[in-house]
Amino acid sequence: MRCLIGAGLPVASSCNSEGVCAKCGIRILEGMQNLSSPNVTEIFLKEKNNIGGEIRISCQTQVLGDILVDASYW
Ligand code: FES
């Protein structure tokens, strides 16, 4: 999430990155292997909100290399 905001891209959120709202989900188009593994919070949020595997909860994810992403509101 910090990387996206730092790049000037807006990221939806209503929990201030506390890992509660799941609104910060971002679709990963390329580079899924360049992201940290989902943590317990992300796994819980994705199951609770029925979020697909191509979406990562950005406030719970670390970027480790190049990725290509998209959001429905961009
Ligand atoms: S900003 Fe709310 S879960 Fe990521």
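The numbering of the sequence shown is the numbering used here, which starts it at 3 and goes up by one.
Using N, Cα and C, we set each Cβ at its ideal position, and we do this for glycine too.
In this text the structure is predicted, and so the values were computed from the model without any measurement.
- Cα atoms of I59 and D68: separation of roughly 17 Å, rounded to the nearest angstrom.
- Look at the beta carbons and you see the stretch 48-55 not touching the stretch 4-13: under three pairs across the two are nearer than 8 Å.
- Membership of E32 in any alpha helix (DSSP H) is not indicated; the residue belongs instead to the beta strand (DSSP E) covering 27-32.
- Less than 9 Å separates the beta-carbon of R29 from that of I57.
- Annotation for E49 indicates a beta carbon at 8 Å or more from all heavy atoms of the ligand FES.
- Distances from the CA of V65 to each of G33, V22, N18, F46 were compared; the closest alpha carbon is that of G33.
- Annotation for G21 indicates a beta carbon within 8 Å of some heavy atom of the ligand FES.
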